[in-house]
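Numbering (my numbering), first residue to last: 56 to 542.
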């Protein structure tokens, strides 16, 4: 019998049916729990390559479990099962080993511990919870007689999902820990951590438009919520928003699941799930060059031209994603005044200068540079000859924006390897001083011993050499000889 060719549509339908059957079989055979009771314990399984499911919602759309990270590590996460997209993570600043020694247990509090790495995380519910459940919204909850003691929606990591509140005491943090989102009195903003975690530079700000309701001082802080209608709203009192940031799918009749995520590049993006993939639906920052550091340290971004370097290199070093081969481009210059060289560049400006403080007392580019040169915390300055504004940078230099106006001039300090040589020389000097002091102590002690022996005479020296000392031991020796003679 001649076989009929299978067209692409039939093959696609067969593939979908096979996927559906496999999913159903997996769901039935895996028997993932829909609640965790007191006494529950689980360890990572060595046979799992990506995600080990421990607790599902009633629709098996979301799951709590162990997610493999870099083969040897794990994260306790709530994921979107169809895409394996993490939506929430316990203690993202600590890592746990994928090992049978790592354990998750529920004793009223949900606890994960790794004794080898001394990593520990707990919900801290004082051992009062009856059970753990995962809702159809992806919200993980600990209940006591149906009363919510703790929920993951109160502790977001890098992601918000639809109908999740975001309050003024919360923050979203990007997966790499460099960027965060927080609420102000009447705005939401994005911040960059450029300098040892101490400097938080605002690089994007959205103020409430107050079109339908106003922010009233003294009536409490604002909060935000991702609405299923397709917008990110800010509220203060009641259900009327003080601001709306619409998504592309705003008010469109789409069956979707929405989320917003703070990305590793510092952008806040919104997505909806389209059955097989996540579709980009919103961007807080639409231009690449307006991101906090799209071309890396000492990079130069031009709209439509991509990245180059401030020192006239044509390409960014893709291996290190930086333009300057300095040793340490962090901290400040307060440990020395000559451990940097200066890079100047015309036709540059800051990507978020409107959100930075400026000095109008500098009457020239020379005065602007001098103010930075004298300040050991300053890494650079950008001067606008047209306005007389001098912007000083108190954090390591990031990406600048290239412009056609050469009256905008940049002055940038670059830490050199000489600073490390200098520190090495200082270290050698300190080590030399320590050796001299120790040598003096040893010689002094030796001289004292010689002087002390001479002072006490040859008899005492002889006693020391034979390790016999005066006192009860000597008398005891005499008594012993007498006893022998008597015997």
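Glycine is no exception: its CB is placed at the ideal position from the N, C-alpha and C atoms.
None of the values given here were measured: they were computed from a predicted structure.
Contact set for residue i: own chain, Cβ-Cβ below 8 Å, skip 5 residues either direction
i: residue 142; result: 117, 132, 133, 134, 135, 193, 214, 216, 314
i: residue 77; result: Here the model assigns residue 77 a pLDDT of 43, short of 50, so the residue's position is not dependable, and the following value carries that caveat. Taken in chain order, the list of residues that qualify is empty.
i: residue 235; result: 226, 227, 228, 229, 245, 246, 248, 255, 317
i: residue 206; result: 194, 195, 196, 197
i: residue 342; result: 358
i: residue 263; result: 241, 242, 270, 277, 289, 297, 298
i: residue 395; result: 388, 468, 469, 470, 471, 474
Residue i versus residue j: straight-line alpha-carbon distance, rounded
i: residue 255; j: residue 222; result: 19 Å
i: residue 402; j: residue 445; result: 14 Å
i: residue 362; j: residue 338; result: 21 Å
i: residue 457; j: residue 440; result: 16 Å
i: residue 344; j: residue 302; result: 22 Å
i: residue 461; j: residue 355; result: 14 Å
i: residue 212; j: residue 218; result: 16 Å
i: residue 174; j: residue 138; result: 28 Å
i: residue 112; j: residue 268; result: 36 Å
i: residue 271; j: residue 240; result: 10 Å
i: residue 331; j: residue 145; result: 27 Å
i: residue 202; j: residue 89; result: 17 Å
i: residue 180; j: residue 109; result: 20 Å
i: residue 159; j: residue 119; result: 11 Å
i: residue 84; j: residue 305; result: Its pLDDT being 36, under 50, residue 84 is placed unreliably by the model, and nothing is read from it.
i: residue 349; j: residue 454; result: 7 Å
i: residue 282; j: residue 431; result: 47 Å
i: residue 101; j: residue 126; result: 11 Å
i: residue 329; j: residue 190; result: 21 Å
i: residue 266; j: residue 300; result: 12 Å
i: residue 426; j: residue 459; result: 26 Å
i: residue 443; j: residue 319; result: 35 Å
i: residue 104; j: residue 87; result: 17 Å
i: residue 237; j: residue 415; result: 30 Å
i: residue 336; j: residue 284; result: 12 Å
Span of the beta strand (DSSP E), counted from its first residue to its last, around residue i
i: residue 282; result: 278-282
i: residue 309; result: Per DSSP, residue 309 belongs to no beta strand (DSSP E) and is neither H nor E.
i: residue 438; result: 435-439
i: residue 291; result: That residue, residue 291, is in no beta strand (DSSP E); it is neither H nor E in DSSP.
i: residue 458; result: Residue 458 -> no beta strand (DSSP E), and no H or E assigned at all.
i: residue 96; result: 95-97
i: residue 319; result: First-last for residue 319: undefined, no H or E at that position.
i: residue 301; result: 298-301
Beta-carbon proximity list for residue i, same chain, < 6 Å, skipping 5 on both sides
i: residue 360; result: none
i: residue 121; result: 99, 107, 129
i: residue 467; result: 398, 435, 452
i: residue 151; result: 129, 157, 169, 174
i: residue 147; result: 212
Where residue i falls, given that 16 or more other Cβ within 10 Å makes a residue buried
i: residue 424; result: buried
i: residue 156; result: exposed
i: residue 607; result: The question about residue 607 has no answer here: the residues shown for the chain are numbered 56 through 542.
i: residue 94; result: exposed
i: residue 436; result: buried
i: residue 418; result: exposed
i: residue 176; result: buried
i: residue 463; result: buried
i: residue 543; result: This structure does not reach residue 543, given that the chain is present from 56 up to 542, and the question cannot be answered.
i: residue 2; result: Because the chain is modelled from 56 through 542, residue 2 falls outside the range shown and cannot be assessed.
i: residue 493; result: exposed
i: residue 114; result: exposed
Residue range of the alpha helix (DSSP H) that includes residue i
i: residue 428; result: 420-428
Below-9 Å beta-carbon distance, residue i vs any chain C residue
i: residue 271; result: Checking the listed chains, one finds no chain C in this structure; it contains a single protein chain.
Contacts around residue i, its chain only, beta-carbon distance under 7 Å, and the 5 residues preceding and following it disregarded
i: residue 290; result: 277, 278, 280, 296, 297
i: residue 199; result: 183, 184, 185
i: residue 410; result: 257, 258, 260
i: residue 340; result: 259, 322, 346
i: residue 334; result: 326, 327
Strand pairing of residue i, partner residues [DSSP]
i: residue 220; result: 280
i: residue 261; result: 243
i: residue 176; result: 167
i: residue 470; result: 395
i: residue 363; result: 355
i: residue 143; result: 133
i: residue 344; result: In DSSP, residue 344 forms no bridge with anything.
i: residue 452; result: The partner list for residue 452 (beta bridge, DSSP) is empty, contrary to what the question assumes.
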